Amino acid sequence: MNVHALTQKINQLTENKEFALALFLAKQYPHYHLNYMFNDAYATLLYCTNRFAEAKKIISFNIRLIKKQAVDTQALLSSYFLKALCYLAENNIEKAQVYIHKCLKLSAENPKLQQQFKQLLQLD
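Heads up: the sequence shown runs through residues 92 to 215, numbered per my numbering.
Shown next as structure tokens:
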């Protein structure tokens, strides 16, 4: 299975709350961890299964990967936001705020998106 198809499948399974199968598939292809889209799907799956520490490790790796590959802002924004959600789930408000502010800074050139972040995070 190619990385794009696998990423879509993991996202679909996560959306359908078929977490066991999604985790099984993600673990079958460890070499795909060099793909930021795969990592995003995998970290989201880990977040949805309350495996926050694992999700944060994948996200941290993904942030470094995205910055190294000079991938678009949306990918970085997604990673920052997911990391903020992990910290919020762990009730670590200070760390969550660090990543929330990174999201706000990255979305500064897109007022509509920034407003959505503010509303979603109840900062407005």
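Where is the CB? At the ideal position from N, CA and C, for every residue including glycine. Nothing here was measured: the structure is a model prediction, and the numbers come from that model.
Rounded C-alpha distance that separates residue i from residue j
i	j	result
Leu-197	Lys-203	12 Å
Ala-175	Val-94	26 Å
Ala-161	Lys-108	32 Å
Leu-173	Phe-152	13 Å
Cys-139	Ala-132	11 Å
Phe-115	Leu-156	24 Å
Lys-118	Ala-146	14 Å
Lys-159	Asn-182	30 Å
Lys-193	Asn-201	14 Å
Glu-185	Gln-213	15 Å
Integer-rounded CB distance, given that residue j should sit under 8 Å from residue i
i	j	result
Ala-111	Ile-101	With 8 Å as the limit, Ala-111 and Ile-101 do not qualify as a contact, their Cβ atoms being about 12 Å apart.
His-122	Asn-130	Contact doesn't hold; Cβ gap of about 12 Å is too wide.
Whether residue i touches residue j by CB criterion (8 Å)
i	j	result
Ile-150	Ser-170	yes
Phe-143	Cys-177	yes
Ala-166	Tyr-127	yes
Thr-98	Thr-135	no
- Query: What residue ranges within the segment 128–179 form continuous alpha helix (DSSP H) runs of no fewer than 4 residues, ordered along the chain?
  - Reply: Taken in chain order, the complete alpha helix (DSSP H) segments of 4 residues or longer contained in the segment 128–179 are 143–160.
- Message: My parser needs the alpha helix (DSSP H) runs of 4 or more residues fully inside the segment 97–129; what are they?
- Response: 110–119
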